[in-house]
Each structure stands twice: as structure tokens, then as C-alpha cells.
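Student: Got a structure for you, written out below as C-alpha cells; questions coming shortly.
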């Protein structure tokens, strides 16, 4: 219940009653379901929605959750509203989220500036947890690391994962139009095991950004330029925590 008022203005906030503990818990699970859906983890999304339905006290909250659970068309596929479709997996971290996570992912961090291409190639490909305390051991030393919650795309990335740090999102992400958060820092998590451009609608990490740093490009544009190999497929973009009521999930639209 303490967290609920902080979410004022978030998507579907008004569908849940902040005065009822059950609705507050339902909204927490509902938000987790949207996060898993954005991060391409449909099974975890359904599990979170089922928990939300179980906790919901008001009929309005139950109907909001049921709409997502029953959003099926005649072929049994999920019905997607174009206005609500999240084009890319972009997640804003919340304060304390890593500490509350039961599963985490650890990645070497590289710079997105000039010379970042070399760093991405040199970064450790694998790190494993060992012993009862889950001590992390990498195949070689590295100066910068980041710990992220075990979201779907990163939880299964056992080898080849890397986080690329950019001081500004503008000029890196292929957004449509200008955005007020273009000066915000971001982390781009890429899978170096998937360097070949396979999908037109996929996003890939490549060189050739501002002052020859790195940037993210769409698959069809890379194919149009005759590019076949990249530095890796983008699996997630992470935005830093903020004190205001900015949505944890971002319905951004990329080119």
C-alpha cells in the first residue's frame, strides 16, 4: 500500500482501489505482468496476472485483470491494441528492485563511445555462480559490471551478454521524433551470440554512432545497407530509476 500512491499517473492506476490491500497487491502483480510482457516473457506474464486476479478485491480491478487474461482472438492468439503495443523491450528500473529480486543477472559493462566496439569484443563471455553463496566467477577480469533483475530476456542469457552504457539515449536509439528523455543515461543489453541480422523488426548493436561510437539500428535498415554482421542483437534497454511517477514501462515507438 505504501508503493501505490507513488504510482499515481501510471497506466491503469485508476482501475485499482488504493484503500484496499488486495487491490494494491493486485496492481503490483499487474505491473509485473506488463513488465514480463514487454520483456517477451509471456508465461511469467500470465502467472503474474493470475496472482493479480486472486488478490483483487474490487470488481473494477478484477475486470481490468481479466481483460488481459482473456485477451484472445478467434485463433487463440493474444489480441493486441496498436496504441498499447510496446515496440521494443524498454524497462525503467525502480529503486531497490535488484535487492528485492530472487533472480539476478550480472553483465560486464562496456562504453558506447568511440572504441566501444573493441570493448564489446574483449568483454568476458561468461560468468557463473559457484558455491552456497552464489559467488560470481568470470572467465577473465573486467573493470565494470552491472547487476540487473532477472527479467526474461536477460535471465536466459548465460553466454555472450554485455551491457553497453550510453551517457545519452539521443542519437543511440532509433526513436521517431524528439523526446524529452533524450539526455537520459541508458544501458543497452546485447547478446553477442546473435550477431547475424536475422529479423527485419529486430534491433542490433552496431558501430557508426555519434563520433563513431555505438548505436542501435533496426534489422531492415541494416539489410538495406548490406550489413549482415553486427556486434549483437539487442535484448533489452534499461532506463535508470527516477523519483517522479514516470511509467516503469515505456510505450516508445522506434523507427
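Residue numbers (the UniProt record's numbering): 1 to 255.
Idealized CB from N, CA, C, for every residue including glycine.
All values derive from a computational prediction rather than experimental measurement.
Does DSSP put residue 225 in a helix, a strand or coil?
Tutor: It is coil, neither helix nor strand.
Student: The alpha helix (DSSP H) that contains residue 45, what's its start and end?
Tutor: 42–55
Student: Please state the DSSP three-state secondary structure of residue 138.
Tutor: strand
Student: Which residue from 147, 239, 194 and 211 puts its Cα closest to that of residue 228?
Tutor: 194
Student: Which one of 148, 151, 133 and 160 has the shortest CA to CA distance from residue 139?
Tutor: 160
Student: Since residue 238 sits in a beta bridge, which residues does DSSP pair it with?
Tutor: 91 and 187
Student: Okay, do the region 176–186 and the region 197–213 touch, 3+ Cβ pairs below 8 Å being the bar?
Tutor: no
Student: Quick one: using the 10 Å Cβ neighbour count with 16 as the cut-off for buried, is residue 258 buried or exposed?
Tutor: One cannot answer for residue 258 here, as it falls past the ends of the chain, which runs 1 to 255.
Student: Do the region 132–147 and the region 213–224 meet, that is, are 3 or more Cβ pairs less than 8 Å apart?
Tutor: no
Student: Would you report the Cα separation of residue 105 and residue 71, rounded to the nearest angstrom?
Tutor: 31 Å
Student: Figure out for me which residue from 162, 231, 51 and 43 has the closest Cα to the Cα of residue 125.
Tutor: 162
Student: Cα separation between residue 54 and residue 231?
Tutor: 44 Å
Student: Give me the Cα-Cα distance between residue 20 and residue 69, rounded to the nearest whole angstrom.
Tutor: 22 Å
Student: Distance check for residue 185 and residue 110, CA to CA, integer angstroms please.
Tutor: 14 Å
Student: Cα-Cα, which of 62, 119, 241 and 243 is closest to residue 164?
Tutor: 119
Student: In angstroms with no decimal places, state the Cα-to-Cα distance between residue 134 and residue 99.
Tutor: If I take the Cα positions, the gap works out to 15 Å.
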